[in-house]
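J.: Pasting a structure below so you can have a look.
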Amino acid sequence: MPYEKVRPESLKSMLRRLEKSIYVPLSELHVTVWVTPEPVPYGERRSGQRSELRAGDRWGNLWDCGWFHFTGQVPKEATGTKVVLLIDVNGELCIVDHEGNPKQGLTNINSEFDTSLGLPGKRVVHICESSTGEETIDLWADAGCNDLFGQFRSGTLKEAVIAICREQVRQLYYDAEVLIETAEQLPSGSARKEKMYRALSDVSLLLTELTDERVAEARRILGKELAMRGGDPALTISAIGHAHIDLAWLWPIRETIRKGARSFSTALRMMERYPDYVFGASQPQLYDWMKAYYPKLYSEIKERIKEGRWEPQGAMWVESDTNVPGGESLVRQVLYGKRYFQQEFGHEINTLWMPDVFGYSASLPQILKKSGVTYMMTQKLSWNMYNRHPHHTFFWEGIDGSRVLTHMPPEDTYNSPAAPRSIMKAEKEYLDKNVSDRCLMLFGIGDGGGGPGEEHLERLSRVKNLLGLAPVVQEPSERFFEKLAEDGARYQSWRGELYLEKHQGTLTSQARNKRFNRKMEKALRELEFASVLAWMTNGYPYPSEELERIWKEVLLYQFHDILPGSSIKRVYDESLERYAMMLDQVERMIATSYKSIASSMCLPDQKEKSIVMFNSLPWEREEWLKLDDEWLRLRVPSMGFVSGDSGIVSIANKDATLSEMRVSLTERAAENDLLKVTFGTDGGIVSIWDKESEREVILPGETANALRLYHDEGDAWDFPSTYRQSGGTPLMIEGFEPFIDGPTTGFLIRYRFGQSSLSQKVVLTAGSRRIDFVTEVDWKESSRMLRTSFPVNVRSDHVNCEIQFGYMKRPTHRNTMWDYAKDEICAHHWIDLSEPDYGVALLNDCKYGHRAEDNVLDLNLLRSPSYPDPEADRAKHGFIYSLFPHQGDHVQAEVYKRGYELNVPLRTVETPNHIGEGTVAKPAGTDSFLKLDHPNVMVETVKRAEDGEDIIIRLYETAGTRIQTTLHTAFRMSEAWLADMLERRIQPLDIKGQTLNLTFAPFEIMSLRLTAP
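Counted from 1, the sequence shown has number 408 at position 408 by my numbering; the numbering is strictly sequential.
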């Protein structure tokens, strides 16, 4: 007689019946809620609108907050049983203790989530293992009327009951679930698969009734299969609990703080129940919120960290975007991130934890290596649209040659269900299993979901060494990376950026935030330099604490769903308000610092008031400034100042170069001594004639500064790759007015399109090759994208793009899918298309999305997606971009300097010409605080050390060459050290008078730590 075939669908039916039988409701809880629009502390929990609720009653609207009070009495019939509460308020909930400290997070069952990874709901609160039948329930809980992803889920009470937990049925459910799924994953015909199915079939026949005896027998039968162990493993999976928390996204920052409390308290409760459980969490900002808002919870976290079961992860202050932030911002992310974990927990973090960031800058490996970070974890490249990244384990090599060992969990998620299918997928998909015998699994539910629930941990307790599956070990990721590194000699390398073939819209979305970020980065650079100068000049107090506070808030807004533009409207309403306040504060502090220096000078001209000009860039600058309605050509020394009249090179009405300044409305042309620009009737540029090089800059027959409006039905992340096929819509010109003002000339051009308007002042300046497009837009469009393009008369198969601490070359052709996928590219101050003897750069003061194909340089100016912010960027905008034709290539033309000059203006301070009592006057004239002999070295940062009064100077080589240079200082040094980016001394340097001889490798970042006597 043949054996009866086991039908897997019948086994799943048994599993569903077991799941429904785990909990037996006994009685409803009495529920009262006090609702407020914003969170209130525990002490004010009764301050809101009070309601008594039963299941189905509505309690709130989206983003409402509620303090719930659950009361009840355990019935006598529960005596001797395990008792739990089942609570679901169709929102996120945090149970607190009698002092209001978080104890456990709960999540509504119907929350949005990728159900292929499991179900997000957490609704069970454990009361006792064996009830006396006399327990009183009196619980308070803090609720948010939103699900994990900011969705409104009816705002009603779904469930609040006292129930019995049939523990053996619960255990049997996970026994059966693991074996059913393991059998499904095994190949057909395997003996292991057939024996599992036979045991499960026997159990399904046994469980016609779920009596205690039959459940016990079923567990005995399945226990034999679960006890079968694997042999020597070809692959071992390291698993760590994870709860990825976006610091803002589809919810405001205030809700993130509560999500942190819910997730972290749940992790602590799970640790009490599962001794093998190891959990990790990144982002010091999140820990710092716990410390400030929930100190008792924070102390519990510290204890688990000390025990070794809670791993602080990630070297950065937040999981930052790495495309848009400047180089010094990335350094500060690591500096403040690592210092926090070291100071709070005594942990030296050596892994960058970046699972969800939209691409990774090629400057990052050097920053990491010079900060003591040797490993990196991500998985985002699995989202690529066109090409599969060839490795899960590899060395990532940056533009300078620095390498970090990088791993992407082959399951391609940071929300693993830790199920047998997860293990099988990891083994099957692991691209480097031929050279590596281990990989990483991140399991749990993020964004407030509490990380791993009991389902994850129950599964792992059964699959950790189960025949038919690769073994799984719960351990910290640091231990995993240490083992992974043992086979490092066998791994391949990936050189250059880790480009995400998706989310290119985030280089442009929420343009005002990006502009504020750029302005804040430059202002903080200026403030630190000014503060050091003032402190060393006259002892003016250095604002260490204020700088750290402001920096950390700027770093917060660089989180990978804030700065890229992919959060809800409220996030930007709040961040824009804070940016404006911070920028105003920093500008006032800069002015105060420079005034303190100027006030200590003895100025020779005896005027009642004098002007002092400051230059924070490390080269001498000669520029036009308009002071008191008079145009002056000024020369200001490197990283220094000029006072009185000593910096004046010429006055506008006496400068010979101004004789060539012309503008003609008839010819529609403007020119200075170097360039002549001719405009078409539509306002576009039809010719730029380079007088000095005697060549045309614009490709004949084409139009430059071709402002076009494109249909863009995308969201904040993405726009259609086909947008160009329509050719775009040109703007309608409404005004074309010539102007001439001292050393500047050009045209003021006004356009209208749809409901929006744009005005642009196209400016040429005497003695300058830069053509500035000073732009103001009143943007009211929806589902549109505004771009400009410049078809230049230059041919090159690559475009040079400035990134943090250097530049990289990207193709201008689309030969392969790898080239095609990088159609929209990120650059900072400039991109440049050059032949060996001539080129053209496109500069900007706050834009990041670029495109370069063949000979066309293109800049993405504005977008107006409607999700997740329906009003994104419908506002007034101001920005500048500039075209810079030049002789030689971008290195010979020192294009990087032109980019910095556009973004870092000279500063002027007006000061009374007298000296206060007790002040030692310094002679007037010019002075350089720092000066370099080589043109290819940039001084990015001058600041005081975080842990003392030493001076930190951060420099980098800009051209990709090996060079030697001398750094001249205006102060004597008693010690000089090469330091890492955490400002730790590495190697002493030889001081020669007030100079240091420095040697740079290509794109090398160098941090110096100097001590003044």
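Using N, Cα and C, we set each Cβ at its ideal position, and we do this for glycine too.
I'd like to know if the segment 836 to 849 and the segment 873 to 889 are in contact, where contact means that at least 3 CB-CB pairs between them fall below 8 Å.
T.: Counting Cβ pairs under 8 Å, three or more are found: they touch.
J.: Is the CB-CB distance between residue 406 and residue 361 below 8 Å?
T.: Numbered from its first residue, the sequence shown carries residue 406 at position 406. Numbered from its first residue, the sequence shown carries residue 361 at position 361. In this structure, residue 361 does not lie closer than 8 Å to residue 406 by Cβ.
J.: May I ask you to report which of helix, strand or coil DSSP gives residue 871?
T.: In the sequence shown, residue 871 corresponds to position 871, counting from 1. The answer is coil: DSSP assigns residue 871 none of H, G, I, E or B.
J.: In whole angstroms, give me the CA-to-CA distance for residue 516 and residue 554.
T.: Locating residue 516 in the sequence shown gives position 516, where the first residue counts as 1. Locating residue 554 in the sequence shown gives position 554, where the first residue counts as 1. If you take the alpha carbons of residue 516 and residue 554, they lie about 10 Å apart.
J.: Report buried or exposed for residue 190, applying the criterion of at least 16 other Cβ atoms within 10 angstroms of its Cβ.
T.: One-based indexing of the sequence shown puts residue 190 at position 190. Exposed: under 16 other Cβ atoms inside 10 Å.
J.: Between the segment 435 to 453 and the segment 237 to 251, are three or more C-beta pairs nearer than 8 Å?
T.: A contact exists between the segment 435 to 453 and the segment 237 to 251.
J.: Do you know offhand how far residue 918's Cα is from residue 616's?
T.: For the purposes of this step, residue 918 is taken as the residue at position 918 of the sequence shown. For the purposes of this step, residue 616 is taken as the residue at position 616 of the sequence shown. Its pLDDT being 45, under 50, residue 918 is placed unreliably by the model, and the measurement read from it follows with that caveat. Using only the alpha carbons, I get a separation of about 28 Å.
J.: Which whole runs of the beta strand (DSSP E) in the segment 254 to 286 are 3 residues long or more, in chain order?
T.: Within the segment 254 to 286, the complete beta strand (DSSP E) runs of at least 3 residues are 279 to 282.
J.: Using a threshold of 8 Å, state whether the C-beta atoms of residue 263 and residue 105 are closer than that.
T.: Numbered from its first residue, the sequence shown carries residue 263 at position 263. Numbered from its first residue, the sequence shown carries residue 105 at position 105. Yes, the pair counts as a contact, with Cβ atoms nearer than the cut-off.
J.: Is it the case that the segment 895 to 907 contacts the segment 749 to 761, given that we only count it when at least three CB pairs across the two stretches are under 8 Å?
T.: Flag = no, the segment 749 to 761 and the segment 895 to 907 do not touch.
J.: Please identify the residue among 305, 547, 551 whose C-alpha is closest to the C-alpha of residue 279.
T.: Position 279 of the sequence shown, counting from 1, holds the residue named residue 279. Nearest C-alpha to residue 279: 305.
J.: Using a Cβ-Cβ cutoff of less than 6 Å, which residues in the same chain neighbour residue 276 once the five nearest sequence positions on both sides are dropped?
T.: Position 276 of the sequence shown, counted from the first residue, corresponds to residue 276. Excluding positions up to five away in sequence, the list reads 474.
J.: Where does residue 891 sit, in a helix, a strand or coil, going by DSSP?
T.: For the purposes of this step, residue 891 is taken as the residue at position 891 of the sequence shown. The answer is coil: DSSP assigns residue 891 none of H, G, I, E or B.
J.: Since residue 806 and residue 958 are thought to touch, with beta carbons under 8 Å apart, how far apart are those beta carbons, to the nearest angstrom?
T.: Start at 1 with the first residue of the sequence shown, and residue 806 comes out as number 806. Start at 1 with the first residue of the sequence shown, and residue 958 comes out as number 958. So it is a contact: roughly 7 Å between Cβ atoms.
J.: Could you give the distance in angstroms between the alpha-carbon of residue 550 and the alpha-carbon of residue 559?
T.: For the purposes of this step, residue 550 is taken as residue 550 along the sequence shown, with counting starting at 1. For the purposes of this step, residue 559 is taken as residue 559 along the sequence shown, with counting starting at 1. Each residue's Cα considered, the two are about 15 Å apart.
J.: In its own chain, which residues sit with a C-beta less than 8 Å from the C-beta of residue 54, not counting the 5 before and 5 after it?
T.: Numbered from 1 along the sequence shown, position 54 holds the residue referred to as residue 54. Closer than 8 Å at Cβ, skipping near neighbours: 28, 31, 157.
J.: Would residue 779 and residue 566 be called neighbours here (beta carbons separated by less than 8 Å)?
T.: As a working mapping, residue 779 is identified with position 779 in the sequence shown. As a working mapping, residue 566 is identified with position 566 in the sequence shown. Taking 8 Å as the Cβ cut-off, residue 779 and residue 566 do not qualify as a contacting pair.
J.: Along the alpha helix (DSSP H) that carries residue 333, what are the first and last residues, could you check?
T.: Indexing the sequence shown from 1 puts residue 333 at position 333. Looking at the DSSP string, the run of the alpha helix (DSSP H) that includes residue 333 is 327 to 345.
J.: Answer yes or no: do residue 118 and residue 108 have a C-beta to C-beta separation smaller than 8 Å?
T.: Taking the sequence shown and counting its residues from 1, the one referred to as residue 118 is at position 118. Taking the sequence shown and counting its residues from 1, the one referred to as residue 108 is at position 108. It is not a contact, given that the beta carbons lie outside the stated cut-off.
J.: Can you check whether the CB of residue 942 is closer than 8 Å to the CB of residue 840?
T.: For the purposes of this step, residue 840 is identified with residue 840 of the sequence shown, where counting begins at 1. For the purposes of this step, residue 942 is identified with residue 942 of the sequence shown, where counting begins at 1. Taking 8 Å as the Cβ cut-off, residue 840 and residue 942 do not qualify as a contacting pair.
J.: In whole angstroms, give me the CA-to-CA distance for residue 294 and residue 729.
T.: Against the sequence shown, residue 294 aligns to sequence position 294. Against the sequence shown, residue 729 aligns to sequence position 729. For residue 294 and residue 729, the distance between alpha carbons rounds to 54 Å.
J.: Check each candidate in 765, 639, 265, 648 and name the one with the smallest Cα separation from residue 449.
T.: Taking the sequence shown and counting its residues from 1, one reaches residue 449 at position 449. Nearest option by C-alpha distance: 265.
J.: Under DSSP, the beta strand (DSSP E) around residue 688 begins and ends at which residues?
T.: Sequence index remark: in the sequence shown, residue 688 carries index 688 (1-based). Start and end: 685 to 690.
J.: What residue from 167, 595, 102, 151 has the CA that sits closest to residue 130's CA?
T.: Translated into positions along the sequence shown, residue 130 becomes position 130. Of the candidates 167, 595, 102, 151, the one whose C-alpha sits nearest the C-alpha of residue 130 is 167.
J.: Could I get the ranges of all uninterrupted beta strand (DSSP E) runs contained in the segment 802 to 888, with 3 residues as the minimum, in chain order?
T.: Runs of the beta strand (DSSP E) inside the segment 802 to 888: 806 to 811, 830 to 834, 838 to 844, 849 to 853, 856 to 863, 876 to 887.
J.: Considering only C-alpha positions, which residue in the set 403, 431, 689 is nearest to residue 412?
T.: Translated into positions along the sequence shown, residue 412 becomes position 412. Looking at the Cα atoms, 431 is the closest of the given residues.
J.: Give me the Cα-Cα distance between residue 920 and residue 537, rounded to the nearest whole angstrom.
T.: For the purposes of this step, residue 920 is taken as residue 920 along the sequence shown, with counting starting at 1. For the purposes of this step, residue 537 is taken as residue 537 along the sequence shown, with counting starting at 1. In this prediction, residue 920 scores a pLDDT of 45, lower than 50, which makes its location untrustworthy; the coordinate-derived value is nonetheless stated afterwards. Distance between the alpha carbons of residue 920 and residue 537 is about 10 Å.
J.: Look at the Cβ atom of residue 363, then the Cβ atom of residue 803, and state whether they are nearer than 8 Å.
T.: For the purposes of this step, residue 363 is taken as residue 363 along the sequence shown, with counting starting at 1. For the purposes of this step, residue 803 is taken as residue 803 along the sequence shown, with counting starting at 1. A contact, by the Cβ cut-off of 8 Å.
J.: Can you check DSSP and say which residues form a bridge with residue 622?
T.: Position 622 of the sequence shown holds residue 622. DSSP output for residue 622 lists 635 as bridge partner(s).
J.: Pull up the distance between the alpha-carbon of residue 40 and that of residue 110, whole angstroms please.
T.: Within the sequence shown, residue 40 is the residue found at index 40, counting from 1. Within the sequence shown, residue 110 is the residue found at index 110, counting from 1. Their Cα atoms are separated by approximately 26 Å.
J.: Return the first residue and the last residue of the alpha helix (DSSP H) that residue 576 is part of.
T.: Here residue 576 is taken as the residue at index 576 of the sequence shown, counted from 1. First-last of the alpha helix (DSSP H) with residue 576: 569 to 598.
J.: Inspect the beta-carbon positions of residue 373 and residue 331 and report whether they are closer than 8 Å.
T.: Along the sequence shown, one-based indexing puts residue 373 at 373. Along the sequence shown, one-based indexing puts residue 331 at 331. Cβ atoms of residue 373 and residue 331: not closer than 8 Å.
J.: Within 10 Å of its beta-carbon, does residue 581 have 16 or more other beta-carbons around it, so buried, or fewer, so exposed?
T.: Residue numbering aside, residue 581 sits at position 581 when the sequence shown is read from its first letter. Flag for residue 581 reads exposed.
J.: Would you kindly work out how many angstroms separate the C-alpha atoms of residue 327 and residue 10, rounded to a whole number?
T.: Start at 1 with the first residue of the sequence shown, and residue 327 comes out as number 327. Start at 1 with the first residue of the sequence shown, and residue 10 comes out as number 10. Between residue 327 and residue 10, the C-alpha separation is close to 59 Å.
J.: From residue 625 to residue 743, what distance separates their C-alpha atoms?
T.: Here residue 625 is taken as the residue at index 625 of the sequence shown, counted from 1. Here residue 743 is taken as the residue at index 743 of the sequence shown, counted from 1. Cα to Cα, the separation comes out at about 10 Å.
J.: Using CA atoms only, rank isn't needed, just tell me which of 123, 83, 149 is closest to residue 114.
T.: To locate residue 114, count along the sequence shown from 1; it is residue 114. Ranking the options by Cα distance to residue 114, first place goes to 149.
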